[in-house]
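Asker:
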Amino acid sequence: MASYIQLHTELDTRDCNPTPQQRAVYSYHEEIHSDAADDIYSFEWFERTKLFFKQFGRPEKRVTTLRTWEMVEELDFGAFFLAHPVAAYSLWHLLQACYDLDRVVCGCSQEELAKRKAMKPFVYLRAKRIRIQWVKSLKHLKEKIECGTLEGDELVRTLYDILCGVERLVASSTALKENFAVNLKDMIFVDKMLQKVTTFVDDRCGMIAAHLKLEESQETSRQENESSSDEALDDSMSNLQNISEIKFPTIPPKPANGSRKRPKRQPTFPKPKGNEISMKSHSNPAATKPAQKYNSLYSLIELLMYASLFTAFGLAIYTVLPLLQSHGFLTPNLITPGGLLL
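Residue numbering for the sequence shown follows full-length UniProt numbering, starting at 1 and increasing by one per position.
(1) Is DSSP giving S109 helix, strand or coil here?
(2) Is it the case that the Cβ atoms of L7 and L75 are separated by a distance below 9 Å?
(3) Might you give, ordered along the chain, the residues of its own chain that have their beta carbon closer than 6 Å to the beta carbon of Y4, omitting 5 neighbours on each side?
(4) Check whether the Cβ atoms of T158 and L150 lie closer than 9 Å to each other.
(5) List the residues that DSSP assigns as beta-bridge partners of S3.
(6) Can you check whether the CB of D102 is closer than 9 Å to the CB of L91?
(7) If we count the other Cβ atoms within 10 Å of its Cβ and call it buried at 16 or more, is L51 buried or exposed?
(8) Just the Cα atoms here: how many angstroms apart are E31 and E154?
(9) Give me the Cα-Cα distance between F80 and M71, rounded to the nearest whole angstrom.
(10) Hey, how far is the Cα of M207 from the Cα of R58?
(11) Taking all protein chains shown into account, do 16 or more other C-beta atoms lie within 10 angstroms of the C-beta of N179, making it buried, or fewer, making it exposed?
(12) Consult DSSP for T49 and reduce its assignment to one of helix, strand or coil.
(13) Out of T199, V104, A97, point me to the one whose CA is closest to I162's CA.
(14) Would you report the Cα separation of P18 and E167, rounded to the nearest angstrom?
(15) Sorted by chain position, which residues of the same chain lie with C-beta nearer than 6 Å to I40's C-beta, five sequence neighbours on each side aside?
(16) Report the option in R204, L138, Y89 whose CA atom is closest to the CA atom of D38.
(17) Report all residues from its chain with a CB closer than 6 Å to the CB of Q133; omit the five preceding and five following residues, and keep chain order.
(18) Specify the secondary structure class of R131 as computed by DSSP and reduced to three states.
(19) In the structure shown, what three-state DSSP assignment does L66 receive?
(20) Assuming D100 and G148 make a contact with CB atoms under 8 Å, what is their CB distance in whole Å?
(21) At the level of alpha carbons, what is the spacing between D202 and D35?
(22) Tell me whether R58 sits in a helix, a strand or coil according to DSSP, three-state version.
(23) Quick one: grab the DSSP three-state call for H8.
Here you go:
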């Protein structure tokens, strides 16, 4: 039977370390053999939880029932974490992925990020001002790429950070959906919460794909540059035996949290009682691969990165050969005026 989400804000008078909320989060992830909560016992999380108690705890037992969507939108993360720590912890990771992409795409300062982190979670997800800033920032990034002011290593790093940010956002949203399905099962407004998250993730990924899309003329030029660079590389490698083979860097796959089963650790403190929180085993959310609809976005970003690498290497060929000639490694009659080996 469906029920409303309830927030119990009774003050924790035990003043224990770790808190019941920390133990609940850790036990849940141990149950599903995930290492996604390895930092939950950190001093930072203990202090954060105690701050939540200070902000939202009450000496007397009080229960707040979220009977309208407006109440859900005004939900403070701290109050949510005290009442539903396992579900809130997955929401925390989603928000951190969002803030990280804000930093990479919009170039947000620490002060600006602090303001966004202070926003209520579902108010942040629907903020139009932030979306407008995303559109402007992506347009500016595209212009810098097209006019060549952003190139080489800086371009590769920027695109790589965006790619990693998108992967983290998609993975955390998948984990949140599976977590809510277990720990907030049959609760009213949970479906709408997940719908808002899905809309947000699709919108952000869609904006990145749309604004970083190469025009057909640019694609043709890129292919010609790659072909020219490949020919220069083949000719140079066959003649310069004293130069070691050059290998292009590849983007290593980011290991998914919880993709391996770890030996269960034995904490020195007592675990929460079974009735403190519902813990059910299910497939590891962090190990779930991103949805198929995002594959084109990853391919696009990787395409831009490799195009930059090929262009940079082609320029290096024309720079290195004259240096080799000046040091006597190559004779002048082996080099054409353009710098390529005959």
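The beta-carbon is built from N, C-alpha and C at its ideal position, and this holds for glycine as well.
None of the values given here were measured: they were computed from a predicted structure.
Answerer: On the basis of the supplied data:
(1) coil
(2) yes
(3) T65, L66, R67, I188
(4) yes
(5) M187
(6) no
(7) exposed
(8) 42 Å
(9) 12 Å
(10) 43 Å
(11) buried
(12) helix
(13) V104
(14) 31 Å
(15) Q22, V25, Y26
(16) Y89
(17) C106
(18) helix
(19) strand
(20) D100 to G148, Cβ: 27 Å. No contact.
(21) 27 Å
(22) strand
(23) strand
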